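The numbering used here numbers the first residue of the sequence shown as 988 and each following residue consecutively.
Don't be surprised by glycine CBs; every beta carbon is placed ideally from N, CA and C.
Keep in mind it's a predicted model, so treat the numbers as computed, not measured.
Worksheet for the structure shown next.
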Amino acid sequence: MNAGIPTTAADSRYERTMVLLLSLSFGLVGLDRFIILPLFPVIMHDLQLDYQDLGYLSAALAFTWGLSALGMGSVIERLGTRRVLVISITVLSLLSGFSALATGVLGLVILRGLMGICEGAFTPTSIIVTDEVSRPDRRGLNLGIQQALFPILGLCLGPLIAAGLLQLTGSWRAVFAIIALPGLLLAGYLWKAYRPLPATPRTGSDASAGRHWLAAFKSGNVSLNILIMFCILTCQFVLCAMLPSYLTDHLHLQNLSMALVISAIGLGGCIGQLIIPGLSDRLGRKPVVSVCFMTSSTLVGLLIVSPAIPWLLFLLLFLLSFFNFSLICMTVGPLTSESVAPALLPTATGIVVGFGEILGGGLSPAVAGFAASHFGLPSILYVALSGSLAGLFLSLLLKDSTRQPQRALACGPLPILPARLPLKD
């Protein structure tokens, strides 16, 4: 293979195999992250917890995920993508299994925080590897496939999996133990299948993490991508965290109807990532991103005025997530990878994912919660709308690098950096 571009049937088969394995692995990351939500009523009764404890559990994972992703560039340089990829999914699966042993909120918070570190390590690394094994004309499509199972397993099928296993075993602890097994199996397949690019000897001048951070921030769309990720996640995480309460307490839907409506978030996100990023390979990143933000803003506006009709709410949420999850995929994927020299890719991906998770996953739901407490539940939709509208404005400032022949030239010469990262086996 030449710089990750398949040139033979064997290389194309390797590309497809790796994208499939990475997609399944990222789907399990979503399942491990969100499965605690449908299990929480049982856990709350068993361990005598309250809803504030659920907030602690969510915040612990979001913040450690973001902090982990921020520092992942230098870790990847030292350990190599293969080790980071396999170790992170292995330890994540073990920690998910160890959740079965928790006896109180402190133990769960610690475990969720450690899981966030592993997920923050796996996320940018899996994006980098997908970019590495993909042909340039399939980069958007492959990144969409790689991330498509995260919402479908975490937000759509996750509650069904939790309910089925809980009914089968009668114990939430057994559910955590069971869902740990597939991750361990996938880690073994990834170790066998992945062929990292040959390592390049490091020079003393490129060892400075500060130089990498500064160069990454100055490259292409990276600084703008951080703000765009904050806007996307402001809309998406507010809806994921607060919309169930809005549907039941404000629109007075029954719990079953609410669950069916919310499942549209995972289903729409999955299908959108299979379609929209691939279209951006052909139509260009900037126009596709701008249209997605414009459509997302319109859909949130329709959600604000929508009556309590479950099928209509399902349709609006399906379409909203269809475009929002596609925006996440394109921002952390091709919009970032096409903005930097290959040597800066781990650092750039890590800071976009990290700051996006910390701000969007940690700060935005808190702002929405404050708004709901002081101005009523409908105000959360205006917080989501503000994120989409701000993202639309920022998208107009993007530099579209889709058709630039060499990513390394897109951000100018970087004499202190090697042509390729020293990705160790």
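Notebook entry, point to check: Leaving out five residues before and five after residue 1221 in sequence, what residues of the same chain have Cβ atoms less than 6 Å from its Cβ?
Noted result: Once the five neighbours on either side are set aside, the close Cβ partners of residue 1221 are 1347, 1351 and 1374.
Item checked: Proximity to residue 1091 [Cα-Cα], best of 1335, 1036 and 1276 -> Ranked by Cα distance from residue 1091, the options 1335, 1036 and 1276 are led by 1036.
Margin query: Given this structure, state the Cα-to-Cα distance separating residue 1286 from residue 1179, to the nearest angstrom.
Written below: Taking the Cα positions, residue 1286 is about 44 Å away from residue 1179.
Margin query: In whole angstroms, give me the CA-to-CA distance for residue 1029 and residue 1155.
Written below: Linking residue 1029 to residue 1155 through their CA atoms gives a straight-line distance of about 15 Å.
Check: Going by the CB atoms, is the gap between residue 1206 and residue 1331 shorter than 8 Å?
Finding: Against a cut-off of 8 Å, the Cβ pair of residue 1206 and residue 1331 comes out as a contact.
Item checked: Closest residue to residue 1089 among 1151, 1104, 1144 and 1159 (Cα-Cα distance) -> Ranking 1151, 1104, 1144 and 1159 by Cα distance to residue 1089 puts 1159 first.
Margin query: residue 1377 and residue 1366 - do their beta-carbons sit closer together than 8 Å?
Written below: In this structure, residue 1377 does not lie closer than 8 Å to residue 1366 by Cβ.
Item checked: Through-space distance from residue 1135 to residue 1227, alpha-carbon basis -> If I take the Cα positions, the gap works out to 17 Å.
Item checked: Nearest-angstrom Cα separation, counted from residue 1184 out to residue 1325 -> Cα-Cα distance, rounded: 19 Å.
Item checked: Inter-stretch contact (C-beta, 8 Å, three-pair minimum) for the region 1124-1131 and the region 1232-1248 -> Verdict: no, contact absent.
Next item on the list: Could you work out which residue in 1218, 1240, 1171 and 1333 is closest to residue 1084 when comparing CA atoms only?
Entry: With distances taken between Cα atoms, residue 1084 lies closest to 1171.
Item checked: Separation of residue 1050 from residue 1282, as counted between CA atoms -> One C-alpha to the other measures close to 29 Å.
Margin query: So the candidates are 1239, 1075 and 1144; which of them puts its Cα closest to the Cα of residue 1173?
Written below: Closest in C-alpha terms to residue 1173, from the list 1239, 1075 and 1144, comes 1075.
Checklist line | residue 1323 in three-state terms, based on DSSP | finding: If DSSP states are grouped into helix, strand and coil, residue 1323 belongs with the helices.
Item checked: Exposure of residue 1241, with buried meaning 16 or more beta-carbon neighbours within 10 Å -> By the neighbour-count rule (16 or more Cβ atoms within 10 Å), residue 1241 is not buried but exposed.
Margin query: Are the CB atoms of residue 1379 and residue 1277 within a distance shorter than 8 Å?
Written below: Yes.
Margin query: For residue 1086, count the other beta carbons within 10 Å of its own beta carbon; 16 or more makes it buried, fewer makes it exposed. Which is it?
Written below: When all chains shown are included, residue 1086 counts as buried.
Checklist line | For residue 1333 and residue 1063, believed in contact at Cβ under 8 Å, the rounded distance | finding: Indeed they touch by this definition, with Cβ atoms about 4 Å apart.
Checklist line | residue 1115 versus residue 1335: straight-line alpha-carbon distance, rounded | finding: As the crow flies, the alpha-carbon of residue 1115 is around 10 Å from that of residue 1335.
Check: Roughly how many whole angstroms lie between the Cα atoms of residue 1013 and residue 1294?
Finding: Rounded to whole angstroms, residue 1013 to residue 1294 spans 35 Å at the Cα level.
Notebook entry, point to check: Under the rule that 16 or more other beta-carbon atoms within 10 Å means buried, what is residue 1175, buried or exposed?
Noted result: Exposed, since its Cβ has fewer than 16 Cβ neighbours within 10 Å.
Check: Does the pairing of the region 1011-1026 with the region 1143-1155 give three or more beta-carbon distances under 8 Å?
Finding: The region 1011-1026 vs the region 1143-1155: in contact.
Margin query: Out of 1015, 1232, 1016 and 1082, which one is the CA nearest neighbour of residue 1355?
Written below: Comparing Cα-Cα distances from residue 1355 to each of 1015, 1232, 1016 and 1082, the minimum goes to 1232.
Next item on the list: With a threshold of 16 other CB atoms inside 10 Å of the CB of residue 1118, please say whether the residue is buried or exposed.
Entry: Under this definition residue 1118 is a buried residue.
Note to self: Let's test the definition: count the other Cβ atoms within 10 Å of the Cβ of residue 1272 and tell me whether it reaches 16, buried, or not, exposed.
What the structure shows: By the neighbour-count rule (16 or more Cβ atoms within 10 Å), residue 1272 is buried.
Check: If we call anything under 8 Å between Cβ atoms a contact, is residue 1218 one with residue 1381?
Finding: Yes, they are a contact pair.
Notebook entry, point to check: Where do the N-terminal and C-terminal ends of the alpha helix (DSSP H) with residue 1033 fall, by residue?
Noted result: Taken as a continuous stretch (DSSP letters only), the alpha helix (DSSP H) holding residue 1033 covers 1023-1034.
Check: Any chance the region 1337-1346 sits against the region 1255-1268, with 3 or more Cβ pairs inside 8 Å?
Finding: Counting Cβ pairs under 8 Å, fewer than three are found: no touch.
Notebook entry, point to check: CB residue 1112 to CB residue 1059, shorter than 8 Å?
Noted result: Less than 8 Å divides the Cβ of residue 1112 from the Cβ of residue 1059.
Note to self: Do residue 1263 and residue 1279 have their beta-carbon atoms positioned less than 8 Å apart in this structure?
What the structure shows: In contact: residue 1279 and residue 1263 (Cβ atoms closer than 8 Å).
Margin query: Alpha carbons only, please: which of 1061, 1329 and 1315 is nearest the one belonging to residue 1216?
Written below: In this structure, 1315 is the residue among 1061, 1329 and 1315 with its C-alpha nearest to the C-alpha of residue 1216.
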